[in-house]
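Chains as they are written, first to last, in full-length UniProt numbering: chain Y, 1 to 225; chain H, 1 to 225. Okay, so here's the structure we're looking at.
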DNA sequence: AGTATGCCTGAGACTCAGTCTCAAATCAAG
DNA sequence: CTTGATTTGAGACTGAGTCTCAGGCATACT
């Protein structure tokens, strides 16, 4: 009945991933051979590779779960794009920091291992592709091809920054800001993704004293997409 | 007198990188051992690793040049951020496609080799960090931390999309669009990077009938950064 | 010329990640 | 208890990347 996920029972046997992260952090990533790592988490070298694929992937095992949950959420959400993305990223963060001790240990491991930071970029890109497909699907007609591309990249980058912030500051301080940031970001691309044309949209205008009609017209056009 | 860069003399000996890319494309990346690759470009295995560091890096050797030129350009440009970035990315594209034959061959190699696509993500991230630092430097006061992060990621993503487009379509068709796209992208983040604060700034506001004071205040705050 | 100095190359041994094969073990029924 | 399927472990094997050492090959010095 015990799942292999997070801290359910107080002193349940730690998951292999958590044990691996701790071992790698304490002994150094490059210095650790796969044999000793497999020993440390109580399985043979063969089984280690069968289960985790590689020494790098054992560190990022959580992302598989986070990614599949995000996909589910993007597929079924009927909220606005802005809200869907804000909730989706928040859910991802929740999954990745579910076991705070391991999460912080992994963060420290990444900080001291350039090789793993590079691997993280690759993992992260899977989120970007996921958001990109979602945004392309829900984009308003007339949205150019580069819209979803640009926004997906920006969303993931902001999310990563929030995750890094979380390592330093407390929990909610970091993620509360994330939602506001993402909302502000998506708002800049209204009406492609933000509020549907009309509806509950709020646009603010202030005309510089000397603005020419052309300036005004161009600014309005920008605001309307 | 002959440089080792691009197609200067008609039948000058091809650069080691170009030869390597051709060999890998024709024989398959995974199937090629470093020994045979080193043979193909006329050097020993030892020298190969000394010069290129790894089998992966020989494919992306051009990026070193592109990155240093971009850095130079970002450091010295006194144009607006929007123009600087548009010109910078265009220059990068120019460097990367300077030898069109090799560039297309590399593209084909990437298409058939997931491992190299992952490596490309890592290389690409160096551009992102470069743009991010630049944008943070030139950002208007009051720009939030996530501004440069989001925009840098978006710029690089759009640039990559343009490079992929170039592989399919003709030269200028792809890159002409790129400049327009980047300008439109940066415009969405005015006045953080676009127009300097004040000056020729025009902000447009339209209040939805039922907007609450909170809505208005928040929207105004967003517009002002 | 001859010689000394410093750099680049090649050869080969070595480590270790990741793959593959096969045999033992574990488990689920019947 | 037996049968059959899945999981595990042991060990051989491939190939990337590192390291050391010995031999060119140049330039500089006498």
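Using N, Cα and C, we set each Cβ at its ideal position, and we do this for glycine too.
Buried versus exposed call for residue i [16 or more other C-beta atoms within 10 Å across all chains shown]
| i | result |
| --- | --- |
| residue 33(Y) | exposed |
| residue 173(Y) | exposed |
| residue 242(Y) | Summary: the structure shown does not reach residue 242(Y), with chain Y confined to residues 1 through 225, and so no result is reported for it. |
| residue 50(Y) | exposed |
| residue 88(H) | buried |
| residue 143(H) | buried |
| residue 15(Y) | buried |
| residue 47(Y) | exposed |
| residue 93(Y) | buried |
| residue 97(Y) | buried |
| residue 76(Y) | exposed |
| residue 53(Y) | exposed |
Nearest-angstrom Cα separation, counted from residue j out to residue i
| i | j | result |
| --- | --- | --- |
| residue 73(Y) | residue 73(H) | 42 Å |
| residue 196(H) | residue 82(H) | The predicted model places residue 196(H) with a pLDDT of 48, which falls under 50 and marks its position as unreliable, so this point remains unresolved. |
| residue 108(Y) | residue 159(H) | 32 Å |
| residue 154(Y) | residue 84(H) | 20 Å |
| residue 200(H) | residue 80(H) | With a pLDDT of only 38 at residue 200(H), under 50, the local geometry of the prediction cannot be trusted, and no value is derived from it. |
| residue 147(H) | residue 55(Y) | 35 Å |
| residue 178(Y) | residue 86(Y) | 8 Å |
| residue 150(Y) | residue 157(Y) | 11 Å |
| residue 198(H) | residue 183(Y) | A caution first: residue 198(H) carries a pLDDT of 40, below 50, which makes its placement in the model too unreliable to give a value. |
| residue 135(H) | residue 115(Y) | 26 Å |
| residue 229(Y) | residue 105(Y) | No answer is possible for residue 229(Y): the residues shown for chain Y start at 1 and end at 225. |
| residue 24(H) | residue 166(Y) | 43 Å |
| residue 58(H) | residue 180(Y) | 43 Å |
| residue 164(H) | residue 90(Y) | 31 Å |
| residue 38(H) | residue 113(Y) | 29 Å |
| residue 43(Y) | residue 128(Y) | 34 Å |
| residue 168(Y) | residue 130(Y) | 28 Å |
Beta-carbon neighbours of residue i, restricted to chain Y and to distances below 8 Å
| i | result |
| --- | --- |
| residue 189(H) | 188 |
| residue 185(H) | 146, 150 |
| residue 161(H) | 145, 146, 149 |
| residue 72(H) | Chain Y residues near residue 72(H): none, gap ~24 Å exceeds 8 Å. |
Supposed contact pair residue j and residue i - C-beta distance, whole angstroms, cut 8 Å
| i | j | result |
| --- | --- | --- |
| residue 41(H) | residue 61(H) | About 12 Å; that fails the 8 Å criterion. |
| residue 95(Y) | residue 132(Y) | At roughly 20 Å, the Cβ-Cβ gap does not stay under 8 Å, so residue 95(Y) and residue 132(Y) are not in contact. |
Beta-carbon neighbours of residue i, restricted to chain H and to distances below 9 Å
| i | result |
| --- | --- |
| residue 121(Y) | 118, 121, 122, 124, 125 |
7 Å Cβ cutoff met for residue i and residue j
| i | j | result |
| --- | --- | --- |
| residue 121(H) | residue 65(Y) | no |
| residue 191(H) | residue 140(H) | yes |
| residue 126(Y) | residue 67(Y) | yes |
| residue 102(H) | residue 162(H) | no |
| residue 119(H) | residue 110(H) | no |
| residue 123(H) | residue 63(H) | yes |
| residue 45(H) | residue 36(H) | no |
| residue 187(H) | residue 176(H) | no |
Check: residue i C-beta below 6 Å from any heavy atom of the ligand NAD
| i | result |
| --- | --- |
| residue 55(Y) | Among the ligands in the structure shown, none appear at all, so the ligand NAD cannot be discussed. |
Chain H residues whose Cβ lies nearer than 7 Å to that of residue i
| i | result |
| --- | --- |
| residue 85(Y) | Simply none; closest approach about 13 Å. |
Contact set between residue i and chain Y, taken where Cβ atoms lie within less than 9 Å
| i | result |
| --- | --- |
| residue 158(H) | 146, 149, 150, 153 |
| residue 56(H) | Ordered by position in chain Y, no residue passes the 9 Å Cβ test against residue 56(H), which lies about 11 Å from the chain. |
Amino acids of chain H, ordered along the chain, whose beta-carbon sits closer than 8 Å to that of residue i
| i | result |
| --- | --- |
| residue 30(Y) | Under the 8 Å cutoff, chain H gives no residues; its nearest Cβ is about 15 Å from residue 30(Y). |
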